[in-house]
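K.L.:
In the working numbering, the protein residues as written are 240 to 380. Where a beta carbon is used, it is the ideal one built from N, C-alpha and C, also for glycine. On a predicted model such as this, the values are computed, not experimentally measured, just so you know. Below is the structure I would like to discuss, written out as C-alpha cells.
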C-alpha cells in the first residue's frame with residue numbers, strides 16, 4: 240500500500256480485535272507459501288487501530304462487509320470482503336489476500352488508498368458505501 244494522495248499518508252484503518260487475531264494467524268500461515276500476500280496483509284494489520292468487537296462500527300469494511308468502491312475512476316463495483324476459502328469472483332466475493340481485498344480492509348466510506356498493483360501500475364481505490372452482509376459469510380479462514 241502507498242499513501243493517500245490527499246493527505247500524503249496512509250488512511251487510518253480500523254479492525255476489530257477478533258478479526259485482527261484471525262488475520263494475523265492467516266498472515267503467519269501464508270508467510271512461506273505466498274510471502275507477498277502475507278507481507279501485504281501483515282503491513283495493513285500493523286498499521287490498524289484495533290478496537291473491541293462490540294465497538295466496531297458497521298461503516299468500516301471488515302470480513303463479511305459489502306463495499307461499493309471505485310478503482311481509478313472506473314464505474315463503481317460492489318463486492319463482499321471474505322477469507323480466502325470463501326472467495327468467488329463470480330459471486331462478487333473478494334479475498335482479503337488479494338491486493339484489492341487488502342486495500343478494502345479497515346476503510347470506511349469516503350476514504351481513498353493507493354497501491355502498486357502486481358503489474359507495477361499505481362491503482363487508486365475509493366470506498367463509496369459499506370454495508371454488512373448476511374451473518375453466515377464471515378466463517379472460514
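The beta strand (DSSP E) spanning residue 261 covers which residue range?
P.N.:
On the chain shown, residue 261 is found 22 positions in, with the first residue counted as 1. Segment 256-269 is the alpha helix (DSSP H) holding residue 261; no beta strand (DSSP E) there.
K.L.:
Taking Cβ positions, are residue 310 and residue 360 nearer each other than 8 Å?
P.N.:
Looking up residue 310 in the chain shown gives position 71. Looking up residue 360 in the chain shown gives position 121. No, these two residues do not count as a Cβ contact at 8 Å.
K.L.:
Pull up the distance between the alpha-carbon of residue 357 and that of residue 275, whole angstroms please.
P.N.:
Sequence index remark: in the chain shown, residue 357 carries index 118 (1-based). Sequence index remark: in the chain shown, residue 275 carries index 36 (1-based). Rounded to whole angstroms, residue 357 to residue 275 spans 10 Å at the Cα level.
K.L.:
Could you check what DSSP says for residue 315 in three-state terms: helix, strand or coil?
P.N.:
As a working note, residue 315 is residue 76 in the chain shown. DSSP places residue 315 in coil when its eight states are reduced to three.
K.L.:
Should residue 328 be labelled buried (16 or more other beta-carbon atoms within 10 Å of its own) or exposed?
P.N.:
Indexing the chain shown from 1 puts residue 328 at position 89. By the 10 Å Cβ count, residue 328 comes out exposed.
K.L.:
Can you give me the C-alpha to C-alpha distance between residue 344 and residue 280, rounded to a whole angstrom?
P.N.:
By one-based count along the chain shown, residue 344 stands at place 105. By one-based count along the chain shown, residue 280 stands at place 41. Cα-Cα distance, rounded: 9 Å.
K.L.:
Of the residues 326, 365, 322 and 369, which one's Cα is nearest the Cα of residue 342?
P.N.:
Here residue 342 refers to the residue found at position 103 when the chain shown is read from its first residue. Checked all of 326, 365, 322 and 369; the closest Cα to residue 342 is 365.
K.L.:
Under 8 Å by Cβ, that's how I've got residue 317 and residue 300 pegged, so tell me the actual separation to the nearest angstrom.
P.N.:
Along the chain shown, read from residue 1 onward, the residue named residue 317 stands at position 78. Along the chain shown, read from residue 1 onward, the residue named residue 300 stands at position 61. So it is not a contact: roughly 12 Å between Cβ atoms.
K.L.:
What is the residue span of the beta strand (DSSP E) that residue 364 lies within?
P.N.:
What you label residue 364 is simply residue 125 of the chain shown in a count that begins at 1. Counting along the chain, the beta strand (DSSP E) containing residue 364 begins and ends at 361-371.
K.L.:
For residue 324, count neighbouring C-beta atoms within 10 Å of its own C-beta (all shown protein chains included) and say buried if the count is 16 or more, exposed if not.
P.N.:
The residue you call residue 324 lines up with position 85 of the chain shown. Exposed, because fewer than 16 other Cβ atoms sit within 10 Å of the Cβ of residue 324.
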